[in-house]
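Peer 1:
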Amino acid sequence: MAAVVYQHLIAPLRVKLVETQAFADRHEKLASLGLLASGVAHEIRNPLNSIKIGMFFQKEKFPPGTQQRADAEVVEREILRLEHILDEFLAFTRPTLPKLVPVQLDAFLQELRQFFLPQLAAAKIQLVMKILAPMQVRADASQLKQAVVNLVQNAVNSIGSDGQITLHARPDRKPLAGKEAEVTVIEIADTGKGIPPEIERHLFQPFFTTKKDGAGLGLGIAAQIVRNHGGELQYQTQADHGASFSIILPQLTA
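Mapped onto this note's numbering, the consecutive letters of the sequence shown carry residue numbers 408 to 661.
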């Protein structure tokens with residue numbers, strides 16, 4: 408009887424305890440590594456700023472159209488790219504908690520539309536807006552903008568040129584935090600190449616990217632922002648038929 412009790416009751420509990428302890432140890436190590444890495448990133452920023460300022464003054468010494476000026480501009484662009492990677496890395500490792508206030512979604516998305524239009528026009532990408540009704544969400548407008556910008560930029564990269572991005576906002580009822588809830592959905596759909604299965608399994612993995620100049624943090628940051636808003640980021644994709652990412656947030660009723 409004692410052997411049966413041990414086999415069926417005590418042994419599984421011991422295994423579960425070991426697994427839980429291993430998870431806790433791993434989480435603590437990752438948290439320590441993240442803190443160390445963000446500290447290093449902050450230390451890198453200071454000399455990088457000095458290099459950027461010095462490079463600006465050096466560039467101004469060369470006349471426009473010369474090879475020296477062109478070389479200096481290449482270095483300047485690479486410095487700006489490093490700054491962008493640092494910003495994304497810090498946002499990922501040390502996210503700021505959102506300051507939630509009511510945000511009028513239609514005005515918010517119209518403002519974003521104006522922000523995207525020049526880039527999309529240059530790439531011959533049409534932006535279609537679909538807002539079914541006036542809606543409000545509790546959000547940090549700056550952080551929510553960053554999440555949507557990351558998702559739209561992801562769609563632009565998938566399309567390349569000559570395509571369409573649909574920005575669709577609608578009320579819905581979906582599972583959220585384990586139960587059915589009234590939600591607001593912000594969907595970003597594109598007519599790009601879709602997400603291949605070999606890429607899909609790494610989609611939200613930090614630093615995984617197929618872009619030559621990408622940091623591989625855009626989707627992870629967007630998902631983190633949405634989670635901090637009490638929501639979920641979901642996606643659907645089909646090869647050669649594009650992809651859609653949906654920001655699902657609790658609905659704010661009047």
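Glycine residues also receive a C-beta, built at the ideal position from the N, C-alpha and C atoms.
These numbers were taken from a predicted model, which means no experiment stands behind them.
By Cβ distance below 7 Å, which residues in the same chain neighbour Asp647 in space, the five residues on each side in sequence not counted?
Peer 2: Here the question's residue 647 lines up with position 240 in the sequence shown. Closer than 7 Å at Cβ, skipping near neighbours: Lys600, Gly601.
Peer 1: Measure the C-alpha to C-alpha separation of Pro470 and Gln631 and round it to an integer number of angstroms.
Peer 2: By one-based count along the sequence shown, residue 470 stands at place 63. By one-based count along the sequence shown, residue 631 stands at place 224. Each residue's Cα considered, the two are about 45 Å apart.
Peer 1: Exposed or buried, Phe430, counting other C-beta atoms within 10 Å across all chains shown (16 or more means buried)?
Peer 2: Looking up residue 430 in the sequence shown gives position 23. Any answer about Phe430 is weak, because its pLDDT of 45 lies below 50 and its placement is not dependable; what the coordinates show is given next. Flag for Phe430 reads exposed.
Peer 1: If you draw a straight line from the alpha carbon of Val563 to that of Ala596, how long is it in whole angstroms?
Peer 2: By 1-based counting over the sequence shown, the position of residue 563 is 156. By 1-based counting over the sequence shown, the position of residue 596 is 189. Looking at the two C-alpha atoms, the distance is approximately 10 Å.
Peer 1: Less than 8 Å between the CB atoms is what I'm expecting for Ile486 and Ile458, so what's the real figure, rounded?
Peer 2: Residue numbering aside, residue 486 sits at position 79 when the sequence shown is read from its first letter. Residue numbering aside, residue 458 sits at position 51 when the sequence shown is read from its first letter. With 8 Å as the limit, Ile486 and Ile458 qualify as a contact, their Cβ atoms being about 6 Å apart.
Peer 1: Spatial neighbours of Ala479 within its chain, please: C-beta separation below 7 Å, excluding the five flanking residues on both sides.
Peer 2: Position 72 of the sequence shown, counting from 1, holds the residue named residue 479. Answer for Ala479: Met462, Gln465, Lys466, Phe469, listed in chain order.
Peer 1: Classify His636 as buried or exposed, calling it buried when 16 or more other Cβ atoms lie within 10 Å of its own Cβ.
Peer 2: What you label residue 636 is simply residue 229 of the sequence shown in a count that begins at 1. By the neighbour-count rule (16 or more Cβ atoms within 10 Å), His636 is buried.
Peer 1: Excluding five sequence neighbours on each side, which residues of the same chain lie with their C-beta closer than 6 Å to the C-beta of Gln645?
Peer 2: As a working mapping, residue 645 is identified with position 238 in the sequence shown. Once the five neighbours on either side are set aside, the close Cβ partners of Gln645 are Gly601.
Peer 1: Which residue wins for smallest C-alpha separation from Asp513, given the options Thr503, Met542, Gln641, Lys506?
Peer 2: Position 106 of the sequence shown, counted from the start, is the residue given in the question as residue 513. Comparing Cα positions, the closest option is Met542.
Peer 1: Do you know offhand how far Leu489's Cα is from Ala548's?
Peer 2: As a first step, residue 489 is located in the sequence shown; it is residue number 82 there, counting from the start. As a first step, residue 548 is located in the sequence shown; it is residue number 141 there, counting from the start. One C-alpha to the other measures close to 26 Å.
Peer 1: Pick from Ala528, Leu551, Ile532, Ile492: whose alpha carbon is nearest that of Thr508?
Peer 2: Locating residue 508 in the sequence shown gives position 101, counting from the first residue. What sits at residue 508 in the sequence shown is Val, not Thr. Of the candidates Ala528, Leu551, Ile532, Ile492, the one whose C-alpha sits nearest the C-alpha of Val508 is Leu551.
Peer 1: Could you tell me if Leu574 is buried or exposed, where buried requires 16 or more neighbouring beta carbons within 10 angstroms of its beta carbon?
Peer 2: To locate residue 574, count along the sequence shown from 1; it is residue 167. It is buried - the Cβ of Leu574 has at least 16 other Cβ atoms within 10 Å.
Peer 1: Could you tell me the alpha carbon to alpha carbon distance between Leu516 and Pro657, rounded to whole angstroms?
Peer 2: One-based indexing of the sequence shown puts residue 516 at position 109. One-based indexing of the sequence shown puts residue 657 at position 250. Roughly 17 Å between the two C-alpha positions.
Peer 1: With a 10 Å radius around its C-beta and 16 neighbouring C-beta atoms as the bar for buried, classify His434 as buried or exposed.
Peer 2: Here residue 434 refers to the residue found at position 27 of the sequence shown. Only weak support exists for where His434 lies, its pLDDT of 48 falling under 50; the coordinates are left without a value.
Peer 1: Excluding the 5 residues flanking Leu519 on each side, which residues of the same chain have their C-beta closer than 7 Å to its C-beta?
Peer 2: Here residue 519 refers to the residue found at position 112 when the sequence shown is read from its first residue. Only Lys552, Val555 meet the Cβ criterion.
Peer 1: Which runs of the beta strand (DSSP E) spanning at least 3 residues fall entirely within the segment 452 to 535, listed in chain order?
Peer 2: If we require 3 residues or more, the beta strand (DSSP E) runs fully inside the segment 452 to 535 come out as 508 to 511.
Peer 1: Given a threshold of 16 other Cβ atoms within 10 Å of its Cβ, counted over all protein chains shown, does Asn561 qualify as buried or as exposed?
Peer 2: For the purposes of this step, residue 561 is identified with residue 154 of the sequence shown, where counting begins at 1. With 16 or more Cβ atoms within 10 Å of its Cβ, Asn561 is classed as buried.
Peer 1: Which stretch, first to last residue, makes up the alpha helix (DSSP H) that contains Gln631?
Peer 2: As a first step, residue 631 must be located in the sequence shown, where it is residue number 224. Here the alpha helix (DSSP H) through Gln631 covers 625 to 635.
Peer 1: In the DSSP assignment, the beta strand (DSSP E) including Gln571 goes from what residue to what residue?
Peer 2: As a working note, residue 571 is residue 164 in the sequence shown. Unbroken beta strand (DSSP E) run through Gln571: 570 to 583.
Peer 1: Quick one: using the 10 Å Cβ neighbour count with 16 as the cut-off for buried, is Glu594 buried or exposed?
Peer 2: For the purposes of this step, residue 594 is identified with residue 187 of the sequence shown, where counting begins at 1. With 16 or more other Cβ atoms within 10 Å, it is buried.
Peer 1: In the DSSP output, what is Glu594 paired with across the bridge?
Peer 2: For the purposes of this step, residue 594 is identified with residue 187 of the sequence shown, where counting begins at 1. DSSP lists His575, Ser653 as partners of Glu594.
Peer 1: Roughly how many whole angstroms lie between the Cα atoms of Asp569 and Leu534?
Peer 2: Walking along the sequence shown from the start, residue 569 turns up at place 162. Walking along the sequence shown from the start, residue 534 turns up at place 127. So the two alpha carbons sit approximately 11 Å from each other.
Peer 1: Look up Gln612 in the DSSP assignment and say whether it is helix, strand or coil.
Peer 2: On the sequence shown, residue 612 is found 205 positions in, with the first residue counted as 1. The answer is coil: DSSP assigns Gln612 none of H, G, I, E or B.
Peer 1: Name the two residues that bound the continuous beta strand (DSSP E) containing Gln550.
Peer 2: Residue 550 sits at position 143 when you count from the first residue of the sequence shown. Per DSSP, Gln550 belongs to no beta strand (DSSP E); it is in the alpha helix (DSSP H), 548 to 566.
Peer 1: CA-CA distance, Leu527 and Asn557?
Peer 2: Translated into positions along the sequence shown, residue 527 becomes position 120. Translated into positions along the sequence shown, residue 557 becomes position 150. Spanning the two alpha carbons is a distance of roughly 14 Å.
Peer 1: Might you give, ordered along the chain, the residues of its own chain that have their beta carbon closer than 8 Å to the beta carbon of Leu610, omitting 5 neighbours on each side?
Peer 2: Here the question's residue 610 lines up with position 203 in the sequence shown. Ile602, Leu626, Tyr642, listed in sequence order.
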